[in-house]
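Read the structure below first, then the notes.
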């Protein structure tokens with residue numbers, strides 16, 4: 004190993020202090036902001052799903068577990084973890100695919116990963132730093148798999164690479180190639196950071212910039228997929244049944260460019276969950292302009308926002324809503340909490356025909372903290388968990404593939 008136990012602890016402490024200083028001086032500013040006013044929504048004729056067939060609500064019981072061999076190996080794990088469902092109406096197994104780096108350049112800490120997104124050959128991870136800042140790190144899966152960092156004794160290669168870079172050690176030829184496969188975006192103000200998502204209609208990344216979680220002003224931020232930095236913010240408030248919404252943290256888009264978020268009803272352990280949908284509509288002065296162009300002249304755009312509530316789920320998965328994710332292959336929406344997720348068909352959610360019998364429920368045999376879910380081109384689920392940060396891949400065959408995929 005690279006460190007003794009005492010040296011390892013000293014290294015962690017110094018790293019945190021150094022990176023805290025660097026973070027304060029390296030934030031991206033000057034983002035174009037468009038104010039869209041107040042969007043009014045009522046719950047008239049909303050579909051209420053009385054899902055009494057769901058497993059018991061999963062109460063969060065701290066502390067979270069670490070990966071079993073994380074401490075013993077000082078983070079350099081080479082044994083895959085396995086999670087299987089212990090309750091639910093569909094069987095799932097997740098197995099470690101990648102152990103993610105814990106540190107990187109300038110000893111910055113990468114252990115607090117808040118979002119996971121897969122698109123084409125890339126994995127996008129939102130790494131969060133207090134207070135309310137973060138950056139996007141993009142991994143090329145083709146290169147990672149070429150060097151077999153998802154197999155056997157190579158499983159700790161990304162962790163070793165991160166520590167060597169943080170410590171200024173010389174890299175091997177293989178490590179240099181792995182480093183090239185990892186693109187590090189600039190630091191910007193993210194808020195909590197668990198909402199990174201992809202909109203296929205704009206070919207860009209989006210997330211909530213919720214730096215003040217109690218604010219009734221919601222900031223929906225568009226991010227350039229190549230530069231990994233924000234380009235614009237759409238600011239608005241949502242008035243639902245005469246009450247302004249706040250504490251919005253989850254987000255994802257379907258194939259048609261509709262976005263989705265949820266809002267729990269009541270206190271932290273109350274069970275109902277409201278699911279909302281919206282769509283940004285860009286109108287152009289130039290009628291020949293394409294709505295789906297990746298390089299738009301923003302000065303020629305008038306943007307409006309349509310929103311509605313789709314359903315109220317009487318029992319959400321668990322205490323902390325950790326993600327909303329939409330599988331573009333199966334066209335199902337996933338609601339995730341720690342150790343548990345539900346999924347449901349988007350078509351029925353939107354057509355007001357969803358019933359409890361349409362929902363899948365999965366509770367996994369773990370006390371790890373869940374942070375995100377993404378999907379590859381085949382619709383296979385990838386799960387992001389912490390302590391230490393890793394991505395697990397589902398071995399379950401995807402069913403109900405959407406006809407439009």
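In our numbering, the protein residues as written are 4 to 408.
All C-beta atoms, glycine included, are put in the ideal place defined by N, C-alpha and C.
Keep in mind the model is a prediction, meaning the values are calculated, not measured.
- For residue 382 against residue 346, the beta-carbon gap comes to about 11 Å, at or over 8 Å, which does not count as contact.
- Check the Cα spacing between residue 272 and each of 323, 241, 243: the tightest is with 323.
- For residue 34 against residue 233, the beta-carbon gap comes to about 5 Å, under 8 Å, which counts as contact.
- Taking each of 245, 87, 392 in turn and checking the Cα distance to residue 47, the smallest one comes out for 245.
- In the DSSP annotation of this structure, the continuous segment of the beta strand (DSSP E) that includes residue 306 starts and ends at 304-316.
- Sequence-distant Cβ neighbours of residue 53 in its own chain, meaning closer than 6 Å and more than five residues away, are 317.
- Counting the other Cβ atoms within 10 Å of the Cβ of residue 247 gives fewer than 16, which makes it exposed.
- Burial of residue 160 is indicated by the presence of at least 16 other C-beta atoms within 10 angstroms of its C-beta.
- In the same chain as residue 152, and ignoring 5 residues on each side of it, the C-beta atoms closer than 6 Å to its own belong to 160, 161, in chain order.
- Within the segment 152-224, the complete beta strand (DSSP E) runs of at least 3 residues fall at 185-187, 190-192, 200-202, 207-211.
- Taking 7 Å as the cut-off, the Cβ atoms of residue 67 and residue 390 count as close.
- For residue 352, the enclosing alpha helix (DSSP H) has its first and last residue at 349-353.
- Close CB contacts of residue 328 within its chain, under the 6 Å cut and outside five residues either way in sequence, are with 255, 337, 376 (chain order).
- Setting aside the 5 residues that flank it on each side, residue 180 is surrounded in the same chain by 146, 150, each with a C-beta closer than 8 Å to its C-beta; the list follows chain order.
- Less than 7 Å separates the beta-carbon of residue 260 from that of residue 202.
- If the five residues before and after residue 184 are omitted, its C-beta is found closer than 7 Å to the C-beta atoms of 142, 143, 146, 147, all from its own chain and listed in chain order.
- Taken in chain order, the complete beta strand (DSSP E) segments of 3 residues or longer contained in the segment 79-121 are 85-91, 96-102.
- Put simply, of 275, 200, 368 the residue whose alpha carbon is nearest the alpha carbon of residue 263 is 200.
- According to the DSSP assignment, residue 149 belongs to the alpha helix (DSSP H) that extends over 144-149.
- Relative to the Cα of residue 94, the nearest Cα in the group 238, 395, 208, 365 belongs to 365.
- Pairing residue 238 with residue 227 gives a Cβ-Cβ distance that is not under 7 Å.
- Between the alpha carbons of residue 42 and residue 281 lies a gap of roughly 10 Å.
- The C-alpha of residue 84 lies about 10 Å from the C-alpha of residue 101.
- Sorting 235, 108, 372, 287 by C-alpha distance to the C-alpha of residue 304 places 287 at the top.
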